[in-house]
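Protein sequences appear in the order of chains A and B. All the letters of the first sequence, read from the start, carry residue numbers 7 to 295 under my numbering. All the letters of the second sequence, read from the start, carry residue numbers 7 to 295 under my numbering. Beta carbons: idealized from backbone N, C-alpha and C, even for Gly. Here the structure is laid out as structure tokens; the discussion comes afterwards.
2 protein chains.
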Amino acid sequence: MSFDSRRDFAPYLRDLQERVCAALERVDGTPFREERWERPGGGGGRSRLVEEGPVLERGGVNFSEVHGELPEKLAATLPGSGRAFYAAGLSLVLHPRNPRAPTVHANYRCFQKGEALWFGGGADLTPAYLFEEDARHFHRTLRDACGERYADFKRACDDYFFIRHRGERRGVGGIFFDYLQGDRDALFDLVRRCAEAFLPSYLPVLERRKDAPFGERERSWQLLRRGRYVEFNLVYDRGTLFGLETGGRIESVLMSLPPLARWSSAAEPSPGGEEAKLLDVLRNPKEWA
Amino acid sequence: MSFDSRRDFAPYLRDLQERVCAALERVDGTPFREERWERPGGGGGRSRLVEEGPVLERGGVNFSEVHGELPEKLAATLPGSGRAFYAAGLSLVLHPRNPRAPTVHANYRCFQKGEALWFGGGADLTPAYLFEEDARHFHRTLRDACGERYADFKRACDDYFFIRHRGERRGVGGIFFDYLQGDRDALFDLVRRCAEAFLPSYLPVLERRKDAPFGERERSWQLLRRGRYVEFNLVYDRGTLFGLETGGRIESVLMSLPPLARWSSAAEPSPGGEEAKLLDVLRNPKEWA
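Right, here's the structure in full:
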């Protein structure tokens with residue numbers, strides 16, 4: 007019996023959501039709040055949110071499974087015939103409180119339209135302070151999960167999470183892919199390996215940074231970097247703009263925005279400091295794995 | 007001798023920038039920081055910025071006068087022949103610290119392309135807490151400045167500053183116009199009356215709210231509303247997106263963003279409170295003048 011997204015992928019994502027939330031709750035000490043919602047056009051979702059936790063200042067791990075008819079114009083831009091679609095996905099963003107603990111995003115999804123079925127997703131790490139050890143661990147864990155496709159997925163991630171008007175990447179990258187079509191069982195296996203890599207890629211990083219000492223300077227820089235995160239998500243992120251344009255559930259679409267962000271004209275850090283070290287890597291992406 | 011934008015409009019705006027900054031400096035007690043910049047393609051600007059002032063948490067009053075060649079694609083969307091353009095404008099955004107003192111934006115500009123010349127601009131008020139007295143004063147001052155055109159400009163403002171994905175206006179509006187062509191002397195006179203109305207429309211409001219008592223609840227709501235301001239500016243504002251796409255000077259383009267903004271999933275205020283009263287007006291714009 008070959009891959010069926012409703013039977014195989016959606017339950018897998020729901021189970022992964024449980025496991026990811028359980029692991030995060032152990033670190034944070036706060037239970038996530040669950041919100042179930044229905045989509046007027048068909049389907050719905052289960053959001054799990056944390057706000058003002060001791061470790062996670064804001065975050066969400068959202069499962070959704072939706073179906074219905076795509077608007078004509080949008081349908082024309084996607085593979086497959088007709089307008090009927092089905093999509094299942096798990097999307098998460100975590101903004102830790104500690105400026106030395108990086109923000110993380112991951113998303114894995116399966117989309118069907120007519121006879122076409124494809125997978126998309128990825129994961130990327132956004133530190134305010136660079137720990138090369140963390141970037142290496144994150145990338146190596148993902149590389150081990152996606153094998154020979156890592157190089158392409160890594161480059162696609164650097165290309166995608168680019169804040170053009172700043173000439174900076176959003177963070178130290180990770181993996182990114184879309185429109186993966188072909189042997190569905192093999193692709194499901196690949197996507198599952200990537201998705202399973204989320205906790206091992208991120209939890210050890212969060213654990214070792216969450217209690218790092220910090221002061222006003224670090225907090226202030228973290229809030230500035232979060233401002234850049236907002237700029238990327240609202241100006242460039244296809245998923246966010248798609249959600250806003252198609253009348254998605256706003257609190258889920260904008261779950262990615264940070265709890266607090268700052269803007270200042272005097273944002274360029276002094277040369278030689280830790281802040282400048284991060285910027286250098288955002289302007290000139292490196293190989294980490 | 008009829009209207010000439012270089013001779014008549016640019017010096018007028020420069021002088022207005024001086025007067026506006028001087029008046030704001032008297033209220034805030036902090037001198038604005040000046041930054042002069044040049045545009046690689048032609049022209050430049052003079053920005054005046056305030057950050058971390060006792061009254062103004064962040065703000066800018068920016069004059070720019072630029073000229074050169076527009077990109078082909080952009081040129082095709084604008085009146086007038088050819089690609090050569092000239093533009094002079096004054097743009098200001100002020101984010102007061104006190105949650106009871108409203109954010110304000112104003113912009114007046116003249117654009118020339120080939121034989122065409124047009125004016126654009128407006129002013130709008132964005133309170134976190136609604137004082138009907140303030141909204142009325144702001145609108146009436148603008149109405150007295152633009153006379154019979156007020157009704158159209160007011161409606162255009164409500165239409166423009168609409169955060170579609172939230173179903174809310176950005177604030178209580180004001181006036182908005184673009185592509186005003188015709189008798190240049192008469193239009194300059196109209197735009198000058200509107201621009202001169204800025205200080206009398208806003209200063210009395212700022213003066214009477216800047217020292218209002220507030221606590222955590224009001225600050226927190228203010229930061230949430232500022233998050234909406236960010237959403238509007240980065241997702242919908244034509245001027246901001248134009249600036250980002252055409253490689254404008256980023257710190258001037260994003261001068262409009264607030265010093266600090268907040269996002270939360272639990273953002274809907276309890277019914278009957280002051281916060282809900284504001285939301286009602288943002289969802290159902292009112293006549294104020």
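Taking only the alpha-carbon atoms, compute the straight-line gap between residue i and residue j and give it to the nearest angstrom.
i	j	result
residue 37(B)	residue 100(B)	14 Å
residue 323(A)	residue 134(B)	Because chain A in this structure spans residues 7 to 295, residue 323(A) falls outside the shown range and cannot be described.
residue 41(A)	residue 34(A)	19 Å
residue 59(B)	residue 195(B)	34 Å
residue 138(B)	residue 257(A)	30 Å
residue 261(B)	residue 168(A)	21 Å
residue 30(A)	residue 46(A)	31 Å
residue 19(B)	residue 125(B)	13 Å
residue 92(A)	residue 248(A)	15 Å
residue 295(B)	residue 160(B)	10 Å
residue 32(A)	residue 223(B)	30 Å
residue 244(A)	residue 227(A)	26 Å
residue 1(A)	residue 69(A)	This structure gives no information on residue 1(A), because the portion of chain A shown stretches from 7 to 295.
residue 179(A)	residue 94(B)	40 Å
residue 238(A)	residue 28(B)	35 Å
residue 214(A)	residue 158(A)	29 Å
residue 53(B)	residue 255(B)	11 Å
residue 67(B)	residue 26(B)	8 Å
residue 108(B)	residue 285(A)	34 Å
residue 182(A)	residue 204(A)	13 Å
residue 241(B)	residue 240(A)	6 Å
residue 264(B)	residue 265(A)	14 Å
residue 122(B)	residue 87(B)	8 Å
residue 207(A)	residue 206(B)	57 Å
residue 190(A)	residue 120(A)	15 Å
residue 278(B)	residue 230(B)	18 Å
residue 281(A)	residue 259(A)	30 Å
residue 292(A)	residue 202(A)	24 Å
residue 23(A)	residue 96(A)	7 Å
For residue i, which residues does DSSP report across the bridge?
i	result
residue 169(A)	174(A)
residue 92(B)	73(B), 118(B)
residue 268(A)	266(B)
residue 102(B)	62(B)
residue 132(B)	109(B)
residue 97(A)	68(A), 113(A)
residue 181(A)	129(A)
residue 123(A)	118(A)
residue 186(A)	125(A)
Is residue i close to chain B? Criterion is C-beta to C-beta, closer than 9 Å.
i	result
residue 128(A)	no
residue 259(A)	yes
residue 70(A)	no
residue 253(A)	yes
residue 43(A)	no
residue 40(A)	no
residue 207(A)	no
residue 268(A)	yes
residue 202(A)	no
residue 55(A)	yes
With a threshold of 9 Å between beta carbons, is residue i in contact with chain A?
i	result
residue 264(B)	yes
residue 250(B)	yes
residue 98(B)	no
At least one CB of chain D closer than 9 Å to the CB of residue i: is that the case?
i	result
residue 64(B)	Looking for chain D here will not work: the only protein chains present are A and B.
Next on the checklist: Tell me which residues of the region 227–248 of chain B have at least one Cβ-Cβ distance to chain A shorter than 8 Å, keeping chain order.
Outcome noted: Under the 8 Å Cβ criterion, the region 227–248 of chain B contributes 229, 233, 236, 237, 240, 241, 247.
Checklist entry - According to a CB-to-CB cut-off of less than 8 Å, which residues of the region 148–181 of chain B neighbour chain A? => result Cβ contacts with chain A come from 170, 171, 172.
Next on the checklist: Residues of the region 272–284 of chain B in Cβ contact with chain A at a cutoff of 9 Å, in chain order, please.
Outcome noted: Residues are counted here when their Cβ sits less than 9 Å from a Cβ of chain A; for the region 272–284 of chain B these are 272, 273, given in chain order.
Checklist entry - What are the residues of the region 131–142 of chain B that lie near chain A, defined by any Cβ-Cβ distance shorter than 9 Å? => result Listed in chain order, the positions of the region 131–142 of chain B with a beta carbon within less than 9 Å of a beta carbon of chain A would be empty, since no residue qualifies.
Checklist entry - What residues in the region 20–35 of chain A bring their beta carbon closer than 9 Å to a beta carbon of chain B? => result Of all residues in the region 20–35 of chain A, none has a Cβ within less than 9 Å of some Cβ in chain B.
Checklist entry - Taking the runs of the alpha helix (DSSP H) that are 4 residues or longer, which of them lie wholly in the region 189–244 of chain A? => result Counting only runs of 4 or more, we get 190–202, 204–215, 222–241.
Checklist entry - According to a CB-to-CB cut-off of less than 8 Å, which residues of the region 214–225 of chain A neighbour chain B? => result Taking 8 Å as the Cβ-Cβ cut-off against chain B, none of the residues of the region 214–225 of chain A qualify.
Checklist entry - What runs of the beta strand (DSSP E), each 3 residues or longer, lie entirely inside the region 19–64 of chain B? => result Look at the region 19–64 of chain B and you find these whole runs of beta strand (DSSP E), each 3 residues long or longer: 39–44, 49–57.
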